[in-house]
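>
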Amino acid sequence: MILLYIVLIRRRVIMTLSLEKMVQVGMHLGHESRKWNPKMKPYIYGQRNGIHIIDLVQTYSHLKYILDFLTESASKGQKFLFVGTKKHISKLIAKAATQCDSFFVNEKWLGGMLTNWKTIRSSLKKLTELEIQEQKNQFEDLPKKEAALRRKEKERLQKYLGGLKNMHSIPDVVIIVGQQEEMNAVQECNKLGIRSLTILDTDCDPTIADLFIPANDDSVSSVKYILTECIYAIKKGQKKLNEKIQTEKNFLNQNKNRRKKSLKTV
Numbered sequence: 001m002i003l004l005y006i007v008l009i010r011r012r013v014i015m016t017l018s019l020e021k022m023v024q025v026g027m028h029l030g031h032e033s034r035k036w037n038p039k040m041k042p043y044i045y046g047q048r049n050g051i052h053i054i055d056l057v058q059t060y061s062h063l064k065y066i067l068d069f070l071t072e073s074a075s076k077g078q079k080f081l082f083v084g085t086k087k088h089i090s091k092l093i094a095k096a097a098t099q100c101d102s103f104f105v106n107e108k109w110l111g112g113m114l115t116n117w118k119t120i121r122s123s124l125k126k127l128t129e130l131e132i133q134e135q136k137n138q139f140e141d142l143p144k145k146e147a148a149l150r151r152k153e154k155e156r157l158q159k160y161l162g163g164l165k166n167m168h169s170i171p172d173v174v175i176i177v178g179q180q181e182e183m184n185a186v187q188e189c190n191k192l193g194i195r196s197l198t199i200l201d202t203d204c205d206p207t208i209a210d211l212f213i214p215a216n217d218d219s220v221s222s223v224k225y226i227l228t229e230c231i232y233a234i235k236k237g238q239k240k241l242n243e244k245i246q247t248e249k250n251f252l253n254q255n256k257n258r259r260k261k262s263l264k265t266v
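Numbering (my numbering), first residue to last: 1 to 266.
1. In terms of alpha-carbon separation, which member of 206, 199, 190, 134 lies closest to residue 229?
2. Going by the CB atoms, is the gap between residue 109 and residue 267 shorter than 9 angstroms?
3. On a Cα-Cα basis, can you pick out the residue from 130, 223, 207 that is closest to residue 38?
4. If you count every other CB in all the chains shown that lies within 10 Å of the CB of residue 222, and 16 or more means buried, which is it?
5. Where does the unbroken beta strand (DSSP E) through residue 173 begin, and where does it stop?
6. Using only the alpha-carbon positions, how far apart do residue 86 and residue 190 sit?
7. Which runs of the alpha helix (DSSP H) at least 4 residues long sit entirely within the region 139-169? Give them in chain order.
8. Return the residue from the list 54, 63, 173 that minimises the CA-CA distance to residue 225.
9. Is it true that the region 64-76 meets the region 148-168, where meeting means three or more beta-carbon pairs spaced less than 8 angstroms apart?
10. Rounded to the nearest angstrom, what separates residue 58 and residue 43 at their Cα positions?
11. Here's a check: name, in chain order, each residue in its chain whose Cβ is nearer than 8 angstroms to the Cβ of residue 243, leaving out the five neighbours to either side.
12. Buried or exposed: residue 202, going by 16 or more other Cβ atoms within 10 Å of its Cβ?
13. Do residue 241 and residue 102 have their CB atoms nearer than 9 angstroms?
14. So the candidates are 89, 209, 117; which of them puts its Cα closest to the Cα of residue 179?
15. Spatial neighbours of residue 248 within its chain, please: C-beta separation below 7 angstroms, excluding the five flanking residues on both sides.
16. Could you name the residues of the same chain whose beta carbon sits closer than 6 angstroms to that of residue 79, not counting the 5 residues immediately before and after it, in chain order?
17. Using CA atoms only, rank isn't needed, just tell me which of 30, 131, 34, 83 is closest to residue 55.
18. At 3 residues or longer, what runs of the beta strand (DSSP E) sit wholly inside the region 89-121?
19. Sort 216, 204, 176 by Cα distance to residue 90 and report the nearest one.
20. How is residue 19 classed by DSSP in three states: helix, strand or coil?
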């Protein structure tokens, strides 16, 4: 009974510290109350000075569930795509994806990026071909106009599809920052049945979201905090997967060695 009490106290302390950090980074600050989506009412604590305040207890609960989901997904070898094209967070999106060996779209969501994957895959193949040609200085052998056109095409493809290089199939999980701005990504995920998680501000619609975190999706510090937690959760799952693979390899090697020894004794 005493042990259970200590565990509960520790959990409460951890949650209190997390909520304090969430307040520090501004995760609780929503939009002006006149710009809200009524469907977000269950996740709003109240309002202050005309600004809706998000219920951080629910934010904590949703975030914890999602982090466990990400760890479990990563431990199964699933692949992740980060999406966020708002200018002030685009660099965060690219950095987050890179840090956990994932993919990203941070410039513009092109229609059909998931639902028309075959066409996107062809464009990625074209990008790879152009990069190889440039590396081998093959552009130098072309007329100036043709070389300029190819460089321009490579730059365009790199800008919009660079974060998808080495993504050989559609992702298992899509992490979206900014439901309003990334509605096409949300709809494509829903159409294909791809699991997605979205940061929902007070002007968003939770009824069209899969997994979500009610939080400020405009503040750089708020988004950075959530992405950092997601990165850690994914890397934790990837570590579990790598350890499992290594254990299986060790087991196979041990069996091979035993067979060799048994053959020598025969």
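Quick reminder that beta carbons are idealized off the backbone N, C-alpha and C, glycines included.
No experiment lies behind these values; they were computed from the predicted model shown.
So, from the listed chains and residues:
1. 199
2. As shown, the chain starts at 1 and ends at 266. That puts residue 267 outside it, with no answer to give.
3. 207
4. buried
5. 173-177
6. 21 angstroms
7. 144-161
8. 63
9. No, they do not touch.
10. Cα atoms of residue 58 and residue 43: separation of roughly 7 angstroms, rounded to the nearest angstrom.
11. none
12. buried
13. It is not a contact, given that the beta carbons lie outside the stated cut-off.
14. 209
15. none
16. 171, 172
17. It is 30.
18. 103-105
19. 176
20. helix
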